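*Asks:*
Number of protein chains: 2
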Amino acid sequence: MAKQLVFGHLNPDTDAIVAAIAYSYLQNQLGLETEAVALGEPNDETKFVLDYFQQPAPRVIDQVGDQAQEVMLVDHNEAQQSVADLKNVTITHVVDHHRIANFETAAPLFYRAEPVGCTSTILWKLYNEHAIEIPQKMAGLMLSAIISDTLLLKSPTTTDVDREAVTALARLAAVDYQDYGLKMLKAGTNIAAKSAAELIDADAKSFDMGGHQIRIAQINVVDLPEALTRQNEFETAMQQSNQDNGYELFLLAITNVLDSDTTMVVAGDENLQAKVSAAFNQQIEQNRLQLPGVVSRKKQIVPPLQEQF
Amino acid sequence: MAKQLVFGHLNPDTDAIVAAIAYSYLQNQLGLETEAVALGEPNDETKFVLDYFQQPAPRVIDQVGDQAQEVMLVDHNEAQQSVADLKNVTITHVVDHHRIANFETAAPLFYRAEPVGCTSTILWKLYNEHAIEIPQKMAGLMLSAIISDTLLLKSPTTTDVDREAVTALARLAAVDYQDYGLKMLKAGTNIAAKSAAELIDADAKSFDMGGHQIRIAQINVVDLPEALTRQNEFETAMQQSNQDNGYELFLLAITNVLDSDTTMVVAGDENLQAKVSAAFNQQIEQNRLQLPGVVSRKKQIVPPLQEQF
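Protein chains in written order, with UniProt numbering: chain A, 1 to 309; chain B, 1 to 309.
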């Protein structure tokens, strides 16, 4: 059987990169031949993680049909968040913790989704179910992914299973996860050196909501007011991106990872903006919304929008 | 939390009924409050099974929104195979062994799919993973579902895991599965007493293939030539069903469960018939195709059609 490729979503975050590495390793231990690849370069946080645990970054691909017939998806399932030529290959496995949408197969497959904080939490369960030992380095990588997705277990997406996984993986990795986690999160929040165009694209996902193309990006920071001094720059970049990519609406969630607060900047169609305003029951002022306590795109931003659209 | 309903697909077969009963029991053991229901009356085979293991048939419902906010699906995921008002409720769990299509949620959920022969095989794994004991009666029901879906482990959908599950469940149920299985399969093949309209609707599923509405029914028999003496009756009923329900094409697979052969009767749009002919690389003669070795709609009938459409 030809080698299968395993990959996470476009604009990969730490979980998208790590889950591919961890699931590929697990499948290889179980007897398949797989390679973890990525649909983009690691971000600053992920670079910190890979450096810390001395793990090379996965090879970056932008199409898959030329090198594999079969693939496994981690940390995503929606076609628009995946490789461009996904239709040309067969998806045999998915491990994910997101809603299911814009996903279709011709044949039965392995699909493992759970409503937990991180794909790597599900992978931790899979290693245990298959009684495959988690090497120290792999435990560190998976721990990092869970810390990243749950903002050190503070996001409302966090479940008891994530907490269990963090405790178990921290022990296997032999790290103090609180101390390590803060360093890791801060490594991902250095926005000063980046252009607005880079920042609004680094952790951005496209959604089809009621037939409208909506882009939702998130930037993690440790100083919200400082980040908002660049609001004009962000808006210009968001409008440009709408124009270039056909998005009708661009939402940028700027999240303080220490205080768990978000300010959302809005650019695009006025009628759709009204729906955003309704979704969060708040007037948009100076093109922004205040979302105290909001840190999770998946759990606190997408569902009210989905409902409204 | 309000009671959740658990159900299999429309036109329920043995797995659709049994998997709902077995998954509901498992979830209740794990602390949730659920009830197994069905989207139709049990067929002859399922009646035999329920009688044999003295299990009452689940309550039949035709809509769900008036009695539950949250549901769990077993043995299906495609909206057109489910309850009519599925959109009005939240799907929190799916356990299935089919392809994924026409399925979308607003939020993350538990989704467990594996490409095995029967949903009840996956449930057997889930009981084991959660270390929940399978009562003798439940083992008998789950065993019956696997025998039904795999035609006594002879269908090409059968995997090693199905074989393992059958061995383990037969021991727990204390039955000789070969002997019991033949009796059970034969109980489902008595077509003489039924009208053509009943027979073409008993195990029928709707598919959207390339925008075309296609109905695929299957009848299990032990004597193919005898069944084909009623071909004209079947064709009339299929044409009537096309007209009444807006199907463009109706395919009826008549399968000999002892010899593992199928004859497929075709009714509907000529252009679509040509695609069926191409899918199976065979001329349609007297409105039928010979499909030796074919017993599985999911594995041997739907995929070539899907490819062609």
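Where is the CB? At the ideal position from N, CA and C, for every residue including glycine.
Bear in mind the structure is a predicted one, so any value in this text is a computation, not a measurement.
Label B/His9 either buried or exposed according to how many other C-beta atoms from any shown protein chain fall within 10 Å of its C-beta, with 16 as the threshold for buried.
*Replies:* In the second sequence, residue 9 of chain B corresponds to position 9, counting from 1. That one is buried.
*Asks:* Do A/Glu307 and A/Ala279 have their C-beta atoms within less than 8 Å of each other?
*Replies:* Residue 307 of chain A sits at position 307 when you count from the first residue of the first sequence. Residue 279 of chain A sits at position 279 when you count from the first residue of the first sequence. A contact, by the Cβ cut-off of 8 Å.
*Asks:* State yes or no: is the beta carbon of A/Phe110 nearer than 8 Å to at least one beta carbon in chain B?
*Replies:* As a first step, residue 110 of chain A must be located in the first sequence, where it is residue number 110. Yes, because at least one Cβ of chain B sits closer than 8 Å to the Cβ of A/Phe110.
*Asks:* Using a Cβ-Cβ cut-off of 6 Å (strictly less than) and excluding sequence neighbours within five positions of B/Asn242, which residues of its own chain qualify?
*Replies:* By one-based count along the second sequence, residue 242 of chain B stands at place 242. Answer for B/Asn242: Phe250, Gly268, listed in chain order.
*Asks:* What does the alpha-carbon distance come out to for the pair A/Leu126 and A/Leu26?
*Replies:* For the purposes of this step, residue 126 of chain A is taken as the residue at position 126 of the first sequence. For the purposes of this step, residue 26 of chain A is taken as the residue at position 26 of the first sequence. Distance between the alpha carbons of A/Leu126 and A/Leu26 is about 8 Å.
*Asks:* Where DSSP assigns a beta bridge to B/Asp208, which residues make up the other side?
*Replies:* Within the second sequence, the letter at position 208 stands for residue 208 of chain B. Per DSSP, B/Gln213.
*Asks:* Just confirm the distance between the C-beta atoms of A/Val295 and A/Leu258, as a whole number of angstroms; I'd bet it's less than 8 Å.
*Replies:* As a working note, residue 295 of chain A is residue 295 in the first sequence. As a working note, residue 258 of chain A is residue 258 in the first sequence. So it is not a contact: roughly 10 Å between Cβ atoms.
*Asks:* Please list the residues of the region 82-112 of chain A that have a C-beta atom closer than 7 Å to any C-beta atom in chain B, keeping them in chain order.
*Replies:* Of all residues in the region 82-112 of chain A, His97, His98, Arg99, Ile100, Ala101, Phe103, Glu104, Thr105, Ala106, Ala107, Pro108, Leu109, Phe110, Tyr111, Arg112 have a Cβ within less than 7 Å of some Cβ in chain B.
*Asks:* Near A/Ala113, what residues of its chain come up, given a Cβ to Cβ distance below 6 Å and the 5 sequence neighbours on each side ignored?
*Replies:* By one-based count along the first sequence, residue 113 of chain A stands at place 113. If we look at A/Ala113 and ignore the five residues flanking it on each side, its Cβ neighbours are Asp96.
*Asks:* Hey, does A/Gln306 have any beta-carbon neighbour from chain C nearer than 8 Å?
*Replies:* The structure shown contains no chain C; the protein chains it does contain are A and B.
*Asks:* Mind listing the chain A neighbours of B/Pro156? Cutoff is C-beta to C-beta under 7 Å, in chain order.
*Replies:* Here residue 156 of chain B corresponds to residue number 156 of the second sequence, with the count starting at 1. Going along chain A, no residue has its Cβ under 7 Å from B/Pro156, so there is no contact; the nearest lies around 12 Å.
*Asks:* Tell me, which residues are paired with A/Val257 by DSSP?
*Replies:* Counting from one through the first sequence, the residue named residue 257 of chain A turns up at place 257. Answer is none; A/Val257 lacks a bridge partner.
*Asks:* Examine chain A for any beta-carbon lying closer than 8 Å to the beta-carbon of B/Glu45, and answer yes or no.
*Replies:* Numbered from 1 along the second sequence, position 45 holds the residue referred to as residue 45 of chain B. Chain A contact via Cβ: absent.
*Asks:* Output, in sequence order along the chain, the residues in the UniProt domain "DHHA2" (181-309) of chain A whose CB is closer than 9 Å to any CB in chain B.
*Replies:* For the UniProt domain "DHHA2" (181-309) of chain A, which is checked against every Cβ of chain B, the residues closer than 9 Å are Lys298, Lys299, Val302, Pro303, Gln306, Glu307.
*Asks:* Can you give me the Cβ contacts of B/Gln63 inside the same chain, cut-off strictly under 8 Å, excluding the 5 residues immediately before and after it?
*Replies:* The sequence position of residue 63 of chain B within the second sequence is 63, counting from 1. Excluding positions up to five away in sequence, the list reads Val83, Ala84, Asp85.
*Asks:* If you count every other CB in all the chains shown that lies within 10 Å of the CB of A/Ala165, and 16 or more means buried, which is it?
*Replies:* Position 165 of the first sequence holds residue 165 of chain A. It counts as buried.
*Asks:* To which residues of the same chain is A/Ser155 closer than 6 Å at the C-beta, ignoring the five residues directly before and after it?
*Replies:* Counted from its first residue, the first sequence places residue 155 of chain A at position 155. The residues are Val295, Ser296.
*Asks:* To which residues of the same chain is B/Leu169 closer than 6 Å at the C-beta, ignoring the five residues directly before and after it?
*Replies:* In the second sequence, counting from the first residue as 1, residue 169 of chain B sits at position 169. Excluding residues within five positions, the ones whose Cβ falls inside 6 Å are Ala139, Met142, Leu143.
*Asks:* Out of curiosity, what's the CA-to-CA distance linking B/Leu272 and B/Leu228?
*Replies:* Along the second sequence, read from residue 1 onward, the residue named residue 272 of chain B stands at position 272. Along the second sequence, read from residue 1 onward, the residue named residue 228 of chain B stands at position 228. So the alpha carbons of these two residues sit roughly 23 Å apart.
*Asks:* Can you name the residues of chain A whose CB is closer than 9 Å to the CB of B/Pro42?
*Replies:* Numbered from 1 along the second sequence, position 42 holds the residue referred to as residue 42 of chain B. Ordered by position in chain A, no residue passes the 9 Å Cβ test against B/Pro42, which lies about 24 Å from the chain.
*Asks:* Would you mind stating whether B/Leu252 and B/Ile200 have Cβ atoms separated by less than 8 Å?
*Replies:* For the purposes of this step, residue 252 of chain B is identified with residue 252 of the second sequence, where counting begins at 1. For the purposes of this step, residue 200 of chain B is identified with residue 200 of the second sequence, where counting begins at 1. A contact, by the Cβ cut-off of 8 Å.
*Asks:* So is B/Ser148 buried or exposed if we call it buried at 16+ other beta carbons inside 10 Å?
*Replies:* Counted from its first residue, the second sequence places residue 148 of chain B at position 148. With 16 or more other Cβ atoms within 10 Å, it is buried.
*Asks:* Buried or exposed: where does B/Gly293 fall if 16 or more other Cβ atoms within 10 Å of its Cβ makes it buried?
*Replies:* Numbered from 1 along the second sequence, position 293 holds the residue referred to as residue 293 of chain B. Counting Cβ neighbours within 10 Å, B/Gly293 comes out exposed, since fewer than 16 surround it.
*Asks:* Based on the DSSP secondary-structure assignment, which residues constitute the bridge partners of A/Asp96?
*Replies:* In the first sequence, counting from the first residue as 1, residue 96 of chain A sits at position 96. Paired residue(s): A/Ala113.
*Asks:* What three-state label does DSSP hand B/Pro303 in the structure shown?
*Replies:* Counted from its first residue, the second sequence places residue 303 of chain B at position 303. B/Pro303 falls in the helix class under three-state DSSP.
*Asks:* Pop quiz: B/Thr92 and A/Ile100 are said to be a contact at Cβ under 8 Å. What is the actual Cβ separation, rounded to whole angstroms?
*Replies:* Taking the second sequence and counting its residues from 1, the one referred to as residue 92 of chain B is at position 92. Taking the first sequence and counting its residues from 1, the one referred to as residue 100 of chain A is at position 100. With a Cβ gap of about 12 Å, B/Thr92 and A/Ile100 do not count as contacting.
*Asks:* For A/Ala202, count the other beta carbons within 10 Å of its own beta carbon; 16 or more makes it buried, fewer makes it exposed. Which is it?
*Replies:* Numbered from 1 along the first sequence, position 202 holds the residue referred to as residue 202 of chain A. Its Cβ being crowded by 16 or more others within 10 Å, A/Ala202 is buried.
*Asks:* Let's test the definition: count the other Cβ atoms within 10 Å of the Cβ of B/Pro108 and tell me whether it reaches 16, buried, or not, exposed.
*Replies:* Looking up residue 108 of chain B in the second sequence gives position 108. B/Pro108 comes out buried.
*Asks:* Could you tell me which chain B residues have their CB closer than 9 Å to the CB of A/Pro115, listed as they occur along the chain?
*Replies:* The residue you call residue 115 of chain A lines up with position 115 of the first sequence. In chain order: Thr92, Ala107, Pro108, Leu109, Phe110.
*Asks:* Return helix, strand or coil for B/Pro135, following the three-state DSSP convention.
*Replies:* Locating residue 135 of chain B in the second sequence gives position 135, counting from the first residue. Of the three classes helix, strand and coil, the one that applies to B/Pro135 here is coil, per DSSP.
*Asks:* Considering Cα atoms alone, identify which of A/Gly40, A/Pro304, A/Val266 is closest to A/Arg288.
*Replies:* Against the first sequence, residue 288 of chain A aligns to sequence position 288. The option with the nearest alpha carbon to A/Arg288 is A/Val266.
*Asks:* Using a Cβ-Cβ cut-off of 6 Å (strictly less than) and excluding sequence neighbours within five positions of B/Val6, which residues of its own chain qualify?
*Replies:* Counting from 1 along the second sequence, the entry for residue 6 of chain B is found at position 6. Excluding residues within five positions, the ones whose Cβ falls inside 6 Å are Ala20, Tyr23, Ser24, Thr34, Ala36, Met72.
*Asks:* Quick check: the Cα distance between B/Pro303 and B/Ile214, rounded to an integer number of angstroms?
*Replies:* The sequence position of residue 303 of chain B within the second sequence is 303, counting from 1. The sequence position of residue 214 of chain B within the second sequence is 214, counting from 1. Roughly 13 Å between the two C-alpha positions.
*Asks:* Quick one: list the residues of chain A neighbouring B/Glu129, beta-carbon separation under 8 Å, in chain order.
*Replies:* Mapped onto the second sequence, residue 129 of chain B falls at position 129. Result: Glu129.
*Asks:* What number of angstroms, rounded off, separates the C-alpha of A/Ala217 from the C-alpha of A/Ser206?
*Replies:* As a working note, residue 217 of chain A is residue 217 in the first sequence. As a working note, residue 206 of chain A is residue 206 in the first sequence. Rounded to whole angstroms, A/Ala217 to A/Ser206 spans 9 Å at the Cα level.
*Asks:* Considering only residues of the same chain and omitting the five flanking positions on each side of B/Asn190, which have a CB-CB separation below 8 Å?
*Replies:* Numbered from its first residue, the second sequence carries residue 190 of chain B at position 190. Here the set comprises Asp44.
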